[in-house]
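Working notes, beginning with the structure itself.
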Amino acid sequence: MDQLEEMTKIRKRYLEAIEEGEYKILPGSFYVRAFIKSYSESVGLDPNEVLGLYGNAIPAPAVETVAEPIRRRKRNDSRTTEKLSKWASTILMLSFVLLILGVLYYFIGNSYNGDAGNEVNPSDKITDKLPDPANAAGGQPGETIAGNKIDGDKSQQSGQSAVQPPAMVPVVTLSRTENNIDYYVATNADKLSVQLKIPGEECWLRIDKIVPATENRKQERQVIEEKLYKKGDARDWTSDSSVYLTVGFPPAAELIVNGIPISLGTKKDVKRIQIDLQKSV
């Protein structure tokens, strides 16, 4: 028994109780089966066969039933909930009525104020409100404008007021796209004002001045500037002839020509643009 106690780690008095069939000494019915199984394995017996032989003698494990507590809802809670719901409904209805009254008051007040400013005095005459022809024409009584007499003054002034032509507004339009190059035409301007801003990532850009062709040479380009611009950079150029631009990363740059934004698109491919200057005659 001392050796079995050492092997099975079961107290010797429990092993003796199993030998004598005193299962009440064991802590519970579950431990009876477990101790018999461990005992059988230690002495070299089949635990299932031994449990089968002891099946009638081993007490069945008691099934414990756990009583589920019954929750009772207090009547006071239900009454409190009903009162709160009634109060909430009442407050909601009052708010809705006040909102309607406020809207009606607002529209009625505006209508009344608008009509009050347009009232007509019956004693006023229409002729009293006619504008002075001299003032309407931009002069004083007794003056003559462009040779037309305003009042009874016998003197007449001849001549014609000088009319200034309207200022020309610069225009930049896209004329065509060939070989992945966008061709723009700038009119109503004597020079090109090119502005570059880099609000996004860094962008490489090159701007060339286009030298027109002559009898002795062909049209060529002269580099004005070539640089890698970083975020936040800005640059301005002025040219008296057409220009050619190569933009390395179009989504990161903003281009403005003569005050007019030029769309560079959202593609990450290199963008090539030629702006032809047509000077006003």
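Mapping of the sequence shown onto the UniProt record's numbering: position 41 corresponds to residue 41, and the numbering continues sequentially without gaps.
From the three backbone atoms N, C-alpha and C, an ideal C-beta is built for every residue, glycine too.
Please read these numbers as outputs of a predicted model, since none were measured by experiment.
What do you reckon, is the C-beta of residue i under 7 angstroms from a heavy atom of the ligand SAM?
i, result
"Ala234", "The ligand content of the structure shown is nil, which means the ligand SAM is not present either."
Buried or exposed, going by whether 16 or more other CB atoms sit within 10 Å of the CB of residue i?
i, result
"Pro212", "exposed"
"Phe249", "buried"
"residue 283", "No answer is possible for residue 283: it lies beyond the span of the chain, which begins at 1 and ends at 281."
"Phe107", "exposed"
"Asn258", "buried"
"Val97", "exposed"
"Ile181", "exposed"
"Ser78", "exposed"
"Val32", "buried"
"Ser40", "buried"
"Ala189", "buried"
"Leu264", "buried"
Using CA atoms only, rank isn't needed, just tell me which of the options is closest to residue i.
i, options, result
"Glu178", "Met168, Ala88 and Gln274", "Gln274"
"residue 292", "Gln222, Arg221 and Glu202", "Nothing in the structure corresponds to residue 292, since the chain is present only between 1 and 281."
"Pro261", "Leu94, Trp204, Lys24 and Val194", "Val194"
"Val169", "Val50, Lys279, Val43 and Ser78", "Lys279"
"Arg221", "Asp208, Thr214 and Gly232", "Asp208"
"Lys230", "Lys218, Asn216 and Lys197", "Lys197"
For residue i, I'd like the list of residues in its chain whose CB is within less than 6 angstroms of its CB, leaving aside the five on either flank, ordered along the chain.
i, result
"Ile126", "Its pLDDT being 44, under 50, Ile126 is placed unreliably by the model, and the measurement read from it follows with that caveat. Excluding positions up to five away in sequence, the list is empty."
"Thr246", "Arg206 and Arg272"
"Asn240", "First, the residue type needs correcting, since residue 240 is Asp and not Asn in the sequence shown. So the list reads Lys191, once near-sequence residues are dropped."
"Ser175", "Tyr183 and Val185"
"Asp276", "Val185 and Ser242"
"Thr173", "Val185"
If residue i and residue j are in contact, beta carbons under 8 angstroms, what's the gap, nearest whole angstrom?
i, j, result
"Ile224", "Trp237", "6 angstroms"
Measuring straight from C-alpha to C-alpha, what distance separates residue i and residue j?
i, j, result
"Ser89", "Leu101", "19 angstroms"
"Thr187", "Val171", "5 angstroms"
"Lys37", "Glu6", "16 angstroms"
"Glu16", "Ile10", "10 angstroms"
"Pro251", "Leu228", "15 angstroms"
"Thr8", "Phe30", "16 angstroms"
"Gln3", "Gly28", "24 angstroms"
"Glu254", "Lys267", "14 angstroms"
"Asp269", "Trp204", "12 angstroms"
"Asn48", "Phe35", "13 angstroms"
"Met93", "Glu82", "17 angstroms"
"Ser85", "Leu99", "21 angstroms"
"Thr214", "Ala167", "33 angstroms"
What residues in its chain sit with their C-beta under 8 angstroms from that of residue i, if we drop five residues either side in the sequence?
i, result
"Arg25", "Rather than Arg, the amino acid found at residue 25 in this sequence is Ile. Hits under 8 angstroms: Arg13, Tyr14 and Ala17."
Can you find the residues in the same chain that come closer than 7 angstroms, C-beta to C-beta, to residue i, ignoring five residues on each side of it along the sequence?
i, result
"Pro199", "Glu254"
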